[in-house]
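The structure under discussion appears below in the form of structure tokens.
Protein chains: 2
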Amino acid sequence: MGKGEETRQAILDEALALSSQVGICGLSVGALADKAGMSKSGLFAHFGSKEEMQIAVIRESQQRFVDTVVRPALKEPRGIARLRAFLANWMDWTRRARLPGGCPLNAAANEFDDQPGPVRDAVAAGLADGRRMLANSVRMAVEAGELRPDTDIDQFVFEFTGIVLVAMQNMRLFREKDASRRALDAFERLVRDYATERGNSKKE
Amino acid sequence: MGKGEETRQAILDEALALSSQVGICGLSVGALADKAGMSKSGLFAHFGSKEEMQIAVIRESQQRFVDTVVRPALKEPRGIARLRAFLANWMDWTRRARLPGGCPLNAAANEFDDQPGPVRDAVAAGLADGRRMLANSVRMAVEAGELRPDTDIDQFVFEFTGIVLVAMQNMRLFREKDASRRALDAFERLVRDYATERGNSKKE
DNA sequence: GGCTTTATAGCACGAACGTTCGTTTTTGGT
DNA sequence: ACCAAAAACGAACGTTCGTGCTATAAAGCC
Chain A
6 MGKGEETRQA ILDEALALSS QVGICGLSVG ALADKAGMSK SGLFAHFGSK EEMQIAVIRE
66 SQQRFVDTVV RPALKEPRGI ARLRAFLANW MDWTRRARLP GGCPLNAAAN EFDDQPGPVR
126 DAVAAGLADG RRMLANSVRM AVEAGELRPD TDIDQFVFEF TGIVLVAMQN MRLFREKDAS
186 RRALDAFERL VRDYATERGN SKKE
Chain B
6 MGKGEETRQA ILDEALALSS QVGICGLSVG ALADKAGMSK SGLFAHFGSK EEMQIAVIRE
66 SQQRFVDTVV RPALKEPRGI ARLRAFLANW MDWTRRARLP GGCPLNAAAN EFDDQPGPVR
126 DAVAAGLADG RRMLANSVRM AVEAGELRPD TDIDQFVFEF TGIVLVAMQN MRLFREKDAS
186 RRALDAFERL VRDYATERGN SKKE
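Chains A and B, in that order, give the protein sequences. When we follow my numbering, the leftmost residue of the first sequence carries the number 6, and every step to the right adds one. When we follow my numbering, the leftmost residue of the second sequence carries the number 6, and every step to the right adds one.
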């Protein structure tokens, strides 16, 4: 890896941290250059445009999410246990990823959801990827016989995601400490509704 | 009402529409003045600072939400029916309020959740107000005997809010049309879990 | 209708924005 | 050690940002 890739990565690290606090559109070239300890033009050359930079940050954010949340959860056995691990990791992934604020991808999703263009597309692609992965894990839980065979997988993913979103909001905006506990409780209730006897008995 | 209040209201109407597309921090004095058909300084005089303007927009947004979502739902009888109406109204409130984009309050919540200050406080206050109102309606459903007496009201509000948030995301970012149907389905499942026999039989 | 109060416009300011360009420094292969 | 290539810099561009002033126009009261 050349020097170029190296500093580009350093820039993205800094960009991730900054955007987790001020969002993607609040992230400016000048401010980022300051944080990264280099000149505006030097930093700019790595991306070619602000839009490209934003997209790079989004991709990096997604990548980091996979490394921090998804990959570790895959060590759990398929089924409900893995889903639970997934949720637990999700709950404090920005802390684990050493980000000072919230999830940049989530912030970007709310900023660009009504502004068509490549940035919005990148955000949607990133989130869709996460959901696809989530849907796969749910399907495995069905195949493992822990969730009922007639489980509406997309509906399960829908409700799971809802739990994550509200937990994020409670944590970040309201600074409530019991947010992740509530999320876990909601998850257990969700699972109980969709579980087979076998799947249900697995828990405690 | 003097002329001042009148144009101030017109400005806020325009500001709400604009911020529903570009968010609160994407809303600039110049752009808003253009939309409102007046000069930057003339508009600026109504608020005194950009921050005050942002807060005014947030307050207005909350006000509009109450008029569009909460008030109509209060015509339904107390209990689960009212909660259901509340959700249904919520699902397309920005359309009913003739806003071109998503919920400005929700956008602001994600933009400012990690930036302490008066704007964040205003957003949190607005959202907290909505949750208080929601909690009240849940409590009424308990008192009406439709939800179990041991219902954890805050947990119910938590899960309810999650349904709303994910539905918003699915609608706005992914443009899925079945988002509100999924939300309603999730709501019925939520209610079924917390309902008494009487409350359960109420539905269909 | 005149007069006071209020509202709006016009203009200017310094700062920050994204972007371009030419120059200088650093790097990596030979 | 040298030299081409890559990377970073500094300065400047035109725009837009938020925010002050001062003057003009409109509105409301007697």
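Built from N, CA and C at the ideal position, the CB exists for glycine as well.
Here DSSP, grouped into helix, strand and coil, assigns L152(B) to strand. With respect to chain A, the C-beta atom of F163(B) has a partner C-beta closer than 7 Å. Excluding sequence positions up to five before and after R87(A), its CB lies within less than 8 Å of the CB of A78, L79, E81, S142, M145 and A146, all in the same chain and listed in chain order. Each residue's CA atom was taken as its position, placing E19(B) and Q59(B) some 13 Å apart. In the structure shown, A102(B) falls within a coil segment according to DSSP collapsed to helix, strand and coil. Contact check for T166(A) against V162(B) fails: the beta carbons are separated by 7 Å or more.
DSSP lists L152(B) as the beta-bridge partner residues of A200(B).
Counting along the chain, the unbroken alpha helix (DSSP H) around M176(A) starts and ends at I158 to R177. For T201(A) and E193(B), the gap between their C-alpha atoms comes out near 20 Å.
Using a CB distance cut-off of 7 Å, G135(A) does not count as an interface residue toward chain B. Your pair A129(A) and F179(B) checks out as a contact, with CB atoms roughly 6 Å apart and the cut at 8 Å.
Q120(A) sits in coil when the DSSP states are folded into three classes, being neither helix nor strand.
DSSP places V74(A) outside any alpha helix (DSSP H), giving it a letter other than H or E. The segment 40 to 47 of chain B and the segment 69 to 76 of chain B do not touch, with fewer than three beta-carbon pairs separated by less than 8 Å. When C-alpha distances from F49(B) are compared across V34(B), D183(B) and L152(B), the shortest belongs to V34(B).
Within the model, the alpha-carbon separation for I29(A) versus N175(A) is close to 21 Å. Contact between L21(A) and P109(A) is confirmed by a C-beta separation of about 6 Å, below the 8 Å threshold. Within the segment 118 to 132 of chain A, D118, D119, Q120, R125, V128, A129 and L132 place their CB atoms closer than 8 Å to a CB of chain B, listed in sequence order. Taking 8 Å as the upper bound on Cβ-Cβ separation, chain B lies near residues P105, G106, G107 and N111 of the segment 87 to 111 of chain A.
Contacts with chain A (Cβ-Cβ distance below 7 Å) from the segment 183 to 197 of chain B involve R187, D190, A191 and R194, listed in chain order.
Contact annotation, S25(B) with L104(B): C-beta distance approximately 4 Å; criterion of less than 8 Å satisfied. Chain A has a Cβ within less than 7 Å of the Cβ of T166(B). Here R187(B) is buried: its Cβ has 16 or more other Cβ atoms, across all protein chains shown, within 10 Å. If you look at I60(B), you'll find it in the alpha helix (DSSP H) that goes K55 to F70.
C-alpha of L23(B) to C-alpha of R13(A): approximately 35 Å in a straight line.
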